[in-house]
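Each remark here refers to the structure printed beneath this line.
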Amino acid sequence: MRMQFKSRTVHGVVETLAACRGRDIFLYYQDQTYSYAAINDSANQVAAGLQQLGIVKGDKVAIMMSNRPEFLFSWFGVSKLGAVEVPINIAHRGELLAYMLNKADCVALLIDAEYVEQLRAVLSQLTMLKHIIILDEGQGSKLDGRELTYRALTANSGDYRATQVAFSDPTAIMFTSGTTGPSKGAVVPQNYQLSLAEMIINMAQYTEADCLYNALPLFHGNAQTLSTIPALMSGARMVLAKRFSASGFWDDVRRYNCTEFNYIGGILPILLKAEPTSSDADNPLRIMIGAGANKETFAAFEQRFNVKLVESYGMSEIGAPLGNKLDDRKPGSCGVLNPDYQIRLIDDLGNEVGANTPGELLVRPLKPYSMMLEYYAMPEKTVEAWRDLWFHTGDYLQRDDQGYYYFVDRKKDALRRRGENISSFEVERGVNSHPAVLESAAVAVKSELGEDEVMICVALRAGQQLTAESLVEHCKERMAYFMVPRFIRFMSALPKTPTERVQKYLLREQGVTPDTYDRENASVREVTL
């Protein structure tokens, strides 16, 4: 479906669909269904309620909710006012929670009651926060007088004074995660979210016949921009799960006849490790979109589950400048250049590199307002990222002779040992090829000589046994001598964000722990998980 939307804004898409297809069901959540009209009406009530509180265009409104329909109503309602949504990870607490709410200048917060205690602990630090709207309020939801129930907020007719919102106006502040230093809030305009959604629609060839399964957290840009908005703009349906569950995934997919799922992190290996059944390939999924699958996982998943994987490359700040296409895929690659972008690969001196040579990826858009506007209230970080009029991603990629791009490593995750540059990605791939290994993370730790030593943190498959010594031998057979980890740490699970990204900075901070194996001072340890 290709329709003309009321405006190139998030709420403009919702309003157009409500006007054209109001009675059609868009959203499935547990045993509830919601039509386009019902979603738009609920968003209008949020907008009216916020406006009555004094929220105006440009105000920052945080949302700290788990996956539920009210998250969508709140997001769309904030957009209608021209206010700026600030999605907050529900796992945040303490100093980081206070930092994000203050850094973004949030004046209002919509929050699930179950996270109120996290908020209470930092409430005295939130001097700019004027209004706290609580869902599913209970006896423990009383705060300091700034609170209001969601029920009271939305107890209105949905009438509000319309605000002129342009495609260039800010619509969200997306805090980046997993980096060193304070989290940065990427300010993205309305057109960014629609442009990225259009790329996903073209990659996956979505139609009205599709049904997208959305199990990633809505506080993450992935679930918003790569699932929700593409589903809306293509006229498809969407199933919203409370959270990703490996045990319930295929039941949900079959129950709702889902045709698409957007994956990240370790989701594919998690689904693959389940005991095979004769019905694995008997499912309605036709496509899964994501990133990070190696060739072996790619092939095994497609063969077992009879679904096509399509991968791309992107970040919160830039959208997705690289991607495969459904009918033209290259397993293991990030795809080819999106014609709406310009890119370069450069060495550490700023010189452009040729094919088959790693270089840092630089990006800039060819369409207006299709990348982030700035890092909010961090002008020096904005200038640093946009130096030389190119956005510096901090990622090393390389291009093959056919124009396909491959992720090599995060620039800050790269290691240098004995004069050799080492890709943590390649070390992890070698370790993960061991049948007992579920997943791993390679990080640098400083040696006595001051250079990097390779440490690998390993999570084993359930019930598997592995000694550090045998893992070292496995690595020696598969990688250059200087890549073989010196330190091996077995863990029950790797630390991750709620979006399944390994928190390598935590592993680096912990360094060599007492239970870490050192092959230069070897003591053999066998681990069973």
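Just add 446 to wherever you are in the sequence shown, counting from 1, and you've got my numbering. Ideal Cβ placement from N, Cα and C applies to all residues, glycine included. Predicted, not measured: the structure shown is a model, and the values here were computed from it.
- Less than 8 Å divides the Cβ of K741 from the Cβ of G778.
- Take the alpha-carbon of G909 and the one of A882: they are about 9 Å apart.
- Its chain contains C657, P730 as the residues whose beta carbon lies nearer than 8 Å to that of N703, once the 5 sequence neighbours on both sides are disregarded; these appear in chain order.
- Contact between the stretch 634 to 644 and the stretch 456 to 471 is established, with three or more Cβ pairs separated by less than 8 Å.
- By the beta-carbon neighbour count (other beta carbons within 10 angstroms, threshold 16), S680 is buried.
- Annotated as proximal: Y821 and A632, with beta-carbon spacing under 8 Å.
- Counting along the chain, the unbroken alpha helix (DSSP H) around S520 starts and ends at 515 to 526.
- Inclusion of F690 and A650 in the CB contact set at 8 Å is not warranted, their separation being larger than that value.
- In this structure, the beta-carbon distance from E541 to V507 does not fall below 8 Å.
- P635 sits close to Y815, with the two beta carbons spaced by under 8 Å.
- Rounded to whole angstroms, the gap between the alpha carbons of I579 and G468 is 28 Å.
- When the Cα atoms are used, T743 and N708 turn out to be separated by approximately 16 Å.
- The C-alpha of S587 is placed about 44 Å away from the C-alpha of P767.
- By the neighbour-count criterion, in which a residue is buried when 16 or more other Cβ atoms sit within 10 angstroms of its Cβ, D793 is exposed.
- Distance check between D898 and each of A537, A860, P825, A489 places A860 closest, using alpha-carbon atoms only.
- Annotation: A601 to A489 spans about 12 Å, alpha carbon to alpha carbon.
- Judged by DSSP in its simplified three-state form, F451 adopts coil rather than helix or strand.
- Put simply, of D505, D582, S725, R514 the residue whose alpha carbon is nearest the alpha carbon of L547 is D505.
- Here K503 is near L527, since their CB atoms are less than 8 Å apart.
- Residue state for R539 is assigned as coil, using DSSP reduced to three classes.
- Look at S870 here: in three-state DSSP terms it is helix.
- Taken atom to atom, the span from the alpha-carbon of Q788 to that of V854 is near 20 Å.
- Bridge partners of N708 according to DSSP: I735.
- If you keep only unbroken alpha helix (DSSP H) runs of at least 4 residues inside the stretch 560 to 602, you get 562 to 566, 596 to 599.
- Looking only at V753, V829, R845, G876, the smallest Cα-Cα distance to L807 is reached by R845.
- Relative to the Cα of T962, the nearest Cα in the group E798, M937, E516 belongs to M937.
- Every beta strand (DSSP E) stretch that sits fully inside the stretch 770 to 825 and reaches 3 residues is listed by chain position as 787 to 792, 805 to 811.
- Separation of Y545 and A559 (C-alpha to C-alpha, rounded to the nearest whole angstrom) is 20 Å.
- Sequence-distant Cβ neighbours of R539 in its own chain, meaning closer than 6 Å and more than five residues away, are Q564.
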